[in-house]
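>
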Amino acid sequence: MKQPFLYQPLFIFLLLAGLWSCTDEVNAPGSDTEKPRTRLTINVTDNGYYASTGKPTTRTKQDDYQTIFTQDDRIGLYAIKDGALVEGYNNVCITYDGTQWTLPENTDLTYEGKGITYYAYYPYQDNPEIDLSASEESGFFQTMISGWTPDNSQSDDAYTSQDLMTGTGTLSERQSDGFRLLTVSLTHRMALVVIEFPHTRYQLDVDPKYAWFINVPEAAFTSFSPYREKDSNDKGTGSYRYLVKPGNSGGSTLSGSYTATNGVTKNWEFTPTAITAGKYRTYKVDGGKTTIEHPLQVGDFYLNDGSLIGKDKSLTNAQKTACLGIVYTLQDIRKDNCGLLDSKFPRGTHGLVVAKRHQGSGDKSVWSGGDLANSLSSVWPDKPKDYEGLTDTDKMQGYINTVFLQKYSSGQLALTLLASYRNNNVAPASSSDWYCPSHLEIRIMCRGEEEVNVAGTVTRRDILSTQLGKCSGDALNSGGGRRYWVSSQSGGNSWLMAFLTYASDGHYAGNIYLTSKGHRYSHLRFILAF
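So the sequence shown is numbered by my numbering: it starts at 1492 and just counts up by one.
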């Protein structure tokens, strides 16, 4: 499914596969003096839509409306030298398979030396008309551009299929790794109308791209279907996009209705003024979107749609039900998890959430097995090189620990309870999902960052327990069995954090103990990163 994203950059690394190679790259000569079949890599960048009132040199990242290519998208590629097509580069269809771009079967790409101009466009057509005499890209694709009229139906996949883009490629010198880089920069050739209905956007003070929306109305449209923007959890917002032909876009009046928060249906209409190619203009219906900055704090309530409610707010019954847990630390844990979270969180994690409920094992031990440290290489031979296993006690690495434990034995009771908790308390797609905390992560949960190494400290425990009480959660500082296992282990033992004192067992609140895996009547408290 093709999805356009607001504020998300497109930077796709293309590896073109030739039949002569078992790799996912194209081998090409590179330059007149290079050996044949030098490997070629390609970057494709989307320049986005600029605000119609701004200048490209002064725009900010928030002005970008860029497109993410997805599986089965196709671009066309040409190479021109001395006013003629280079053999093998006549409208080459390159298809994205979801991870990389691939060539048609039985197709080879070669580079015939210097003085070549590369042109590309999206979406692919079988026989587009081109102008070989043109000295620049807009002229080369002029017939295609002038004849392109977006369809009235642009919901979902139809939006990007109407979003004509053309561009040129720039070939670098041969790099130290033996590759040559062809950078293709695509420019939008249509104009964009953005329609905002009244709703509220909340965004984190530390990251405006992390946002959620409330009071989003349902809208209806007369004789056209725009694309509805979605948040990071694929939930529709109150903003829509509609592509129009540039320059003469004022010819059609757009109209429809929406249902306000008070239940009243209101009609609206406007006539877009002329918008030039590659630009967008926002039309706000009854004031449009309101943006509010949320100051992220320990103690905030984390809801099942990824939204947050301030720690000092009172929750409605519906919000209590939707609350998954409490934000308990504000840290980026990507580095300690050896790259496993990098693609999910390209800008870093904002914090960790402690689950609203604990999971008890009853008269059973949650961990099994001997010294797992000795099993790391055999169980996970292709593990990240920086991961040293379960024994580290000073890293926020519960996520990668959990991945390793699942590879070792998914049948352990702790992991069975984790799977059950994930099914019954579904985490937002924008999160890491629930996992077993590490030694350091649970110490912070009990003691806080400043006193994380001070045994017997329960400062953070008390703060979190107060917040958990507000959302009808299980407190950390009351009730039976408040000792929690972690994913960190050593030999045949595992670490157990005491949130209450159990003098009969020699376990005191705020302390963490290395205990036999056979120990029973303790609990698990899962966490997630967002």
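Each residue gets a CB set at the ideal place from its N, CA and C atoms; glycine is no exception.
Compute the beta-carbon to beta-carbon distance between Q2030 and S1859, rounded to the nearest angstrom, for a pair I have assumed lies under 8 Å.
Residue 2030 lies beyond the stretch modelled for the chain, which goes from 1492 to 2021, so this question has no answer here.
> In chain order, which continuous runs of the alpha helix (DSSP H) of length 4 or greater are located wholly inside the segment 1858-1925?
Entirely contained in the segment 1858-1925, the alpha helix (DSSP H) runs reaching 4 residues are, in chain order, 1867-1870, 1889-1899, 1904-1915.
> As a quick exercise: from T1992, A2020, M1635, pick the residue whose alpha carbon is nearest that of G1889.
When only C-alpha atoms are compared, the closest one is A2020.
> How close, in whole Å, do the beta carbons of G1816 and V1844 come, if the pair is a contact with beta carbons under 8 Å?
Indeed they touch by this definition, with Cβ atoms about 4 Å apart.
> So the alpha helix (DSSP H) T1650 belongs to, where does it begin and stop?
Residue 1650 is actually Tyr in this sequence, not Thr. That run of the alpha helix (DSSP H) goes 1648-1652.
> How is the alpha helix (DSSP H) around F1631 delimited, first residue to last?
Residues 1628-1631.
> Quick check on the DSSP output: what are the complete beta strand (DSSP E) runs of length 3 or more inside the segment 1794-1830, in order along the chain?
Qualifying beta strand (DSSP E) stretches, in chain order: 1814-1820.
> When burial is assigned at 16 or more other CB atoms within 10 Å of the CB, is Q1553 buried or exposed?
Caution is warranted here: a pLDDT of 33 is assigned to Q1553, below 50, making its placement in the model unreliable, and the coordinate value is therefore given only provisionally. Classification of Q1553: exposed, given that the 10 Å Cβ count is below 16.
> Any idea if Q1557 is buried or exposed, counting beta-carbon neighbours within 10 angstroms, 16 or more meaning buried?
Flag for Q1557 reads buried.
> Check L1623 in the structure and name its three-state DSSP category.
In this structure, L1623 counts as coil in the three-state DSSP scheme.
> Which of the three DSSP states is assigned to R1671 in this structure?
In this structure, R1671 counts as strand in the three-state DSSP scheme.
> Could you pull the start and end residues of the alpha helix (DSSP H) that M1681 belongs to?
It is not in any alpha helix (DSSP H) - M1681 carries neither H nor E in the DSSP assignment.
> Would T1948 and N1984 qualify as a contact pair, given that the criterion is a beta-carbon distance under 8 Å?
No; because the gap between Cβ atoms is not below 8 Å, this pair is not in contact.
> Reducing DSSP to helix, strand and coil, say where D1537 ends up.
Strand at D1537.
> Bridge partners of Q1694, per DSSP?
In the DSSP output, where bridge partners are listed per residue, Q1694 has A1702, E1784.
> Could you tell me the distance, in whole angstroms, from the CA atom of G1982 to the CA atom of L1821?
Each residue's Cα considered, the two are about 31 Å apart.
> Look up E1687 in the DSSP assignment and give the residues it is bridged to.
Bridge partners of E1687: S1730, K1775.
> Taking the beta strand (DSSP E) that T1558 falls in, what are its first and last residues?
T1558 -> beta strand (DSSP E) spans 1556-1559.
> Can you tell me where the alpha helix (DSSP H) holding L1931 begins and where it ends?
Where L1931 is concerned, the enclosing alpha helix (DSSP H) stretches over 1930-1938.
> Report all residues from its chain with a CB closer than 8 Å to the CB of H1998; omit the five preceding and five following residues, and keep chain order.
Here the set comprises R1974, L1987, A1989, T1992, Y2004.
> May I ask you to verify whether the segment 1690-1710 touches the segment 1563-1579, counting CB pairs closer than 8 Å and requiring at least 3?
No, the segment 1690-1710 is not in contact with the segment 1563-1579.
> Leaving out the 5 sequence neighbours to the left and right, which residues in its chain are closer than 7 Å to Q1645 when beta-carbon positions are compared?
Correct list, in chain order: Q1653, S1716, P1717, Y1718, Y1733, L1734.
> When you compare each of T1781, E1709, S1723 to T1752 by their alpha carbons, which one comes out closest?
Among T1781, E1709, S1723, the Cα nearest to that of T1752 is on E1709.
> Leaving out five residues on either side along the sequence, give the residues of the same chain with a beta carbon under 8 Å from the beta carbon of S1740.
Note on S1740: pLDDT 48, under 50, position unreliable in the model; the coordinate value appears next. Around S1740: A1682, V1684, P1763, T1764, A1765, I1766.
> Kindly indicate which residue of S1929, N2002, M1656, R1934 has the alpha-carbon position closest to the one of S1676.
It is M1656 whose Cα lies nearest to the Cα of S1676.
> Which same chain residues end up closer than 6 Å to T1713 when comparing Cβ atoms and leaving out the 5 residues on each side of it in sequence?
These residues qualify, in order along the chain: S1746, G1747.
> Is the beta carbon of G1779 sitting closer than 8 Å to the one on P1699?
Not closer than 8 Å, so no.
> Could you tell me which residues DSSP puts in a beta bridge with T1957?
According to DSSP, T1957 bridges with nothing at all.
> Is the distance from the Cβ of L1874 to the Cβ of L1867 below 8 Å?
For the sequence presented, residue 1874 should be read as Lys rather than Leu. Their beta carbons are under 8 Å apart, which means K1874 touches L1867 by this criterion.
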